[in-house]
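First comes the structure, then the notes that go with it.
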Amino acid sequence: MAVAEAAQRIPHPLPAPWWRGKSGAAVLVVVAMLIAFLGWRNQGHWPAALTWNSVGPHLDRFQTWLSDNRNVPDPNLAFRAFNGLANFLDHLVAWSTRFFHWLTWAGTVVLGTLLVLRFGGRRAALGVLAAFASFAALGLWEESVETFSLMLAAVSLSLLVGVPLGVLAGRSSRFNRAVTPVLDAMQIIPAFAYLMPVVILFSVGPGAAVVTTMIYAVPPAIRITALGIRGVHPNTVEAATALGSTRWQVLTKVQLPLARRMLLLSVNQTILFALSMVVIAGLIGGQGLGDSVTNGLYTDPAMAIFAGAAIVIMAISLDRATEAMANRTDPAHRHLTADRSRQLRTYTAACAAAVGLTVVLGHVLNAGADWSRWTAQDWLRQYVQRGLDYVQNPSTFLFRDLTNPTGNFIVQHGIQPLRSFFIETPWPVTLIGLVLIAFLLSGLRPALIALVMLFVVGFVGEWTNAMDTFSQVLVATVLTVIVGFVLGVWAAENRYVSRALRPINDVLQTLPQLVYIIPFIYLMPVSGVPGIVASVLYAAPVMIRLVQRGIEGVSPETVEAATAYGATRLQVLLKVKIPLARDAIMLGVNQAIIMVLAVVVIGGLVGSGALGYEVAQGLQRNAFGLGVVASIAILALGITLDRVTQGRVRARTQA
Amino acid sequence: MASSNGNGRTPLIRAEGIWKIFGRNANKVIGTPDVDLSRAELREKTGCVAAVRDVSFDVYPGEVFVVMGLSGSGKSTLVRTLIRLIEPTAGRVEIDGRDVTAASRDQLLQMRRHTSSMVFQHFGLLAHRTVLDNVAFGLEVQGVAKSERHARAQEVLRLVGLEDAAGQFPDELSGGMQQRVGLARAFAVDPKVMLDAEPFSALDPLIRRDMQDEVIRLQHETGKTMVFITHDLPEALRLGDQIAIMRDGRVVQLGTPEELVGSPADDYVANFVRDIPRSHVLTLRWIMRDAKPGEEDGPKLDVATTVKRAVPLISDSERPVCAVDGGKIVGVVDKQAVLAAIAGEGD
Ligand SMILES: Nc1ncnc2c1ncn2[C@@H]1O[C@H](COP(=O)(O)OP(=O)(O)OP(=O)(O)O)[C@@H](O)[C@H]1O
Ligand SMILES: [Mg+2]
């Protein structure tokens, strides 16, 4: 009796049911928004009083003023310096192209192949040779050379800027702390958001393409270099200092040589980042393959597909080649005897001689800059055209029963309802609802940032478009998270799945953003769908990897303990592994949402409408003001999405 | 071992009142009453960690000076302040007559290049260089020509018995061999002072003993002055002429091995030396008494003989044994003294 009474008096620390917690509050907010949507549909559009309509025209005037002052016969010093920079960038690309022309196609092939053979090994060299062959076969030799030159210029400059900064960041914690937030910011901005400002400053041309590419490619160069320098063990640095090395000697004799592998990896990453921008660079005057893709999308689909394929081939072969080189030069694995290094020097000299000879022969035999003898383009075009006709024929199985219904499903049950929900609910309700949800998810600071950013979006007059883009991003993110979560968990639990997914993920992660969209323009030509499918493909590999790593990272002892208490495999997964991997999974969601936004806005080029479409219009119709306004809205949306999803991880790791 | 006290000689290393306080506002702690707080209290109050507190000592040429103490007592920090790998917060260091703490950047470099060298716990070898180039590294940063520095490195490698490994890379060697390379690198610049920061604590016990023998041999052959850190008492007793025992950043006792074992300054030190058999450390000097008239014709033993070694002779002898130092009788030892010394073990 007494015991029972005592037990009654002790309050049971019952876990609160979910509807009492934050999830419940979030559901409540959504329900309230739904009620407002149903009751006052279309009755509260963003008011003109809260809109600054003249941003666009102001920006247009600024652009005119800028180009007027730059193009006068005798511009002032600032403009002259600026023009000088722009011209230098333009010329850099031109010089590089001219260099390859001078080499002749034969010399270019021999130089590329032997360089990779000497420093990367046979497999990588074969890959490069195959890449050259396919550029020739696709009939895109000249375009490939142009793209490569653009990339070479951008990569060299990125490394020139990034490596010294990375070394600084690696050696000084204070500098590292100062640059990290800047780099973080640079990496969450979708490329589409800075195209417009760059074009305004540098006007359309290769120079603008180089700058755009650099903005994207410098951060990884800095980060990886810093990581490499930091990775050199402090003991070695201390030992060298104790023996009386100057700071410079420590850098050149200890840190740089020991970080060599990471430095080469940073070259590898910079190249990949640069390549993923070349297609977009095609929009603002980067010539070559990017240009062929963007021009061909509607007028010559086969050509767009060829150019896309060439970019993919270039990305993969460069990736493999630079990675092979990086692995080969790992200082800890490459032990050279004096004899061996003499042999290698001879080998290098022989390669150089072979290149020289080829160039001379090329000139004597008049090989020419462009490979124009034979291409398989027409032959391939036939097949590609047939394929295109098939996938777009409404009566085929593929179109009628697979791609078309899928596309329509996504539109009817995903994009459209969400879009009308966000756009047609009275704006104050949407704004406050979204901010409240941000608060519940991540806390006060992210919620305030969301409030300010969403207000900016409305203030510049992009509320409707931003809500449209936002609903596309939501749909794509949900799909990415589902795909990524399922495959990631599966891969973590099953060796075979993991092994099968790895090469697919590797390839998907090396491809440029726009390339994903190309096939779906023809496969699922329903508005918005190509952008969404492409963004899922683009972001899913990262999500898969993070989920897999998170689950595999759960300590074996914990799993063993759970198993020892008799948990089944499923219970271990649901009650131990997934909860413990929560931070990794949330990080995946954060990365996915940023990547999805980047691709969804690019989709504006091909019918996704909304903010991306306005940027595309800005670029193609010279509507600068409009483009910049949309860019600002994209940026604001990006910051909001990043902070809100990242804050969740922060709030948890601090708790 | 060399004699333990520098009668009239000038010290090669002189440390006076060294402090190292880590943390923000470390400079503001010294000169306030806070310096007398215990480590934990200081951290509580200011967030600073006092790693080294008011340490002074002299090391004479040819001596091995051992710093020992438990983990976290400040040993590593102390040696690093000697050549300013860590800047001391206060205090003065003089090496070979020059003021290290006041040295300019350039003077400091010169000193690190020519006067001192250091051996590290985790070796700190350069993975991308051959053994030969690792050993020659100190000479390379000095700007010595390649052929010359390689010749010198070869020579030193022979000294540590690694002449055949010259062309290999550090990761191809065992831990013991790697530390020999570390030793060779330190010897290659022919420094006056060698700083050994727990050089053997990452090695297993057998190799460790080998390496201690190696250091004793090298030290005898070259007569180098050493500052040697360890947290292993037997190692300290084997190598040290003088031993400083540190606790929470302070030196709690500084003396010869005999002094530590024979008269520990406090419970901390006593605890440290408890398991050391006193007869292995104490010498006749420690237990002898003045000779009475008529005792001077007993059997003779050097005054530096350990009790353990003296036991057979003393127990066989009817008369007290005479302790001689340089041919002169300085005292006598009888059976009671030996028994008292041995009986003191283990309490
Ligand atoms: N860079 C630093 N910043 C802050 N505190 C430090 C730093 N380096 C050392 N300390 C602190 O100073 C104290 C002494 O450290 P030190 O490394 O000198 O001890 P140690 O005697 O060498 O110990 P061990 O035997 O474990 O090597 C420790 O409490 C340590 O936490
Ligand atoms: Mg230490």
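From first to last, the protein sequence lines stand for chains F and C. Just so you know, numbering that gives the first Met the number 0 puts 529 at position 530 of the first sequence, and the rest follows in order with no gaps. Just so you know, numbering that gives the first Met the number 0 puts 135 at position 136 of the second sequence, and the rest follows in order with no gaps. C-beta: ideal position from N, C-alpha, C; glycine also.
Exercise for review: Mind reading off the beta-carbon distance from residue 470(F) to residue 409(F)? Whole number of angstroms is fine, and I expect it under 8 Å.
Suggested key: Actually they are not in contact, since the Cβ atoms of residue 470(F) and residue 409(F) sit about 12 Å apart, beyond 8 Å.
Practice item. List the endpoints of the continuous alpha helix (DSSP H) containing residue 114(C). Key: Looking at the DSSP string, residue 114(C) is not in any alpha helix (DSSP H), and its letter there is neither H nor E.
Practice item. Could you check which residue in 47(C), 8(C), 10(C) has the C-alpha nearest to that of residue 27(C)? Key: 47(C)
Point to revise | 7 Å Cβ cut-off: residues of chain F touching residue 121(C) | key: 234
Exercise for review: Check each residue of the region 238-264 of chain F: if its Cβ is closer than 8 Å to any Cβ of chain C, include it; give the result in chain order.
Suggested key: 238, 239, 240, 241, 242, 243, 244, 245, 248, 252, 253, 256, 257, 259
Review point. Taking Cβ positions, are residue 146(F) and residue 311(F) nearer each other than 7 Å?
Key: no
Practice item. Could you name the residues of the same chain whose beta carbon sits closer than 8 Å to that of residue 260(C), not counting the 5 residues immediately before and after it, in chain order? Key: 236, 272, 275, 277, 280, 281
Practice item. With a threshold of 16 other CB atoms inside 10 Å of the CB of residue 626(F), please say whether the residue is buried or exposed. Key: buried
Review point. Going along the chain, which residues of its own chain have a beta-carbon closer than 6 Å to the beta-carbon of residue 161(C), five neighbours each way excluded?
Key: 179
Exercise for review: Run down chain F in chain order and give the residues with a C-beta less than 8 Å from the C-beta of residue 141(C).
Suggested key: 243
Practice item. Any chance you could list the beta strand (DSSP E) runs of at least 3 consecutive residues sitting entirely within the region 241-280 of chain C, in chain order? Key: 241-246, 249-254
Review point. Which value, in whole angstroms, describes the spacing of the CA atoms of residue 142(C) and residue 156(C)?
Key: 20 Å
Review point. Are the beta-carbon atoms of residue 347(F) and residue 122(F) separated by less than 7 Å?
Key: no
Exercise for review: Could you tell me if the beta carbon of residue 75(C) falls within a distance shorter than 6 Å of some heavy atom in ligand 1?
Suggested key: yes
Check your understanding: How would you label residue 363(F), buried or exposed, when you count the other beta carbons within 10 angstroms and need 16 or more for buried?
Key -> exposed
Review point. Using the C-alpha atoms, what's the distance from residue 303(C) back to residue 183(C)?
Key: 31 Å
Check your understanding: Can you name the residues of chain F whose CB is closer than 8 Å to the CB of residue 137(C)?
Key -> 242, 243
**Study point:** Chain-ordered residues of the region 94-118 of chain C with a beta carbon less than 8 Å from chain F
**Key:** 108, 109, 110, 111, 112, 113, 115, 116, 117
**Study point:** Test item: CB-CB of residue 209(F) and residue 273(F) under 7 Å
**Key:** no
Check your understanding: Would you say residue 634(F) reaches chain C, if we count a Cβ-Cβ gap shorter than 7 Å as a contact?
Key -> no
Review point. Anyone know if the C-beta pair for residue 211(F) and residue 280(F) falls short of 7 Å?
Key: yes
Review point. Could you give the C-beta distance for residue 350(C) and residue 323(C), rounded to a whole number, given that I count them as a contact under 8 Å?
Key: No answer is possible for residue 350(C): it lies beyond the span of chain C, which begins at 0 and ends at 346.
Practice item. Using a cut-off of 8 Å between C-beta atoms, extract the partners of residue 82(C) located in chain F. Key: 241
Check your understanding: Is the region 76-88 of chain C close to the region 18-34 of chain C, with three or more CB pairs under 8 Å?
Key -> yes
Review point. Between residue 54(F) and the rest of its own chain, which residues show a CB-CB distance below 6 Å, the 5 nearest in sequence each way excluded?
Key: 459, 628
**Study point:** Where residue 330(C) falls: helix, strand or coil (DSSP)
**Key:** strand
Check your understanding: What are the residues that DSSP puts in a beta bridge with residue 18(C)?
Key -> 89(C)
**Study point:** Close beta carbons around residue 290(F), own chain, < 6 Å, minus the five adjacent residues each side
**Key:** 281
Review point. For residue 123(C), is the beta carbon positioned less than 6 Å from some heavy atom of ligand 1?
Key: no
Exercise for review: Note down the Cα distance separating residue 82(F) from residue 69(F), rounded to an integer number of angstroms.
Suggested key: 7 Å
Point to revise | the region 171-190 of chain C: positions lying closer than 9 Å to chain F by Cβ | key: 171, 181, 184, 185, 188
Exercise for review: Classify residue 510(F) as helix, strand or coil using the three-state DSSP reduction.
Suggested key: coil
Check your understanding: Relative to the alpha-carbon of residue 483(F), which residue among 308(F), 595(F), 599(F), 253(F) has its alpha-carbon at the smallest distance?
Key -> 595(F)
**Study point:** DSSP beta-bridge partners of residue 300(C)
**Key:** 322(C)
Check your understanding: Measuring CB to CB, does residue 476(F) end up less than 7 Å from residue 422(F)?
Key -> no
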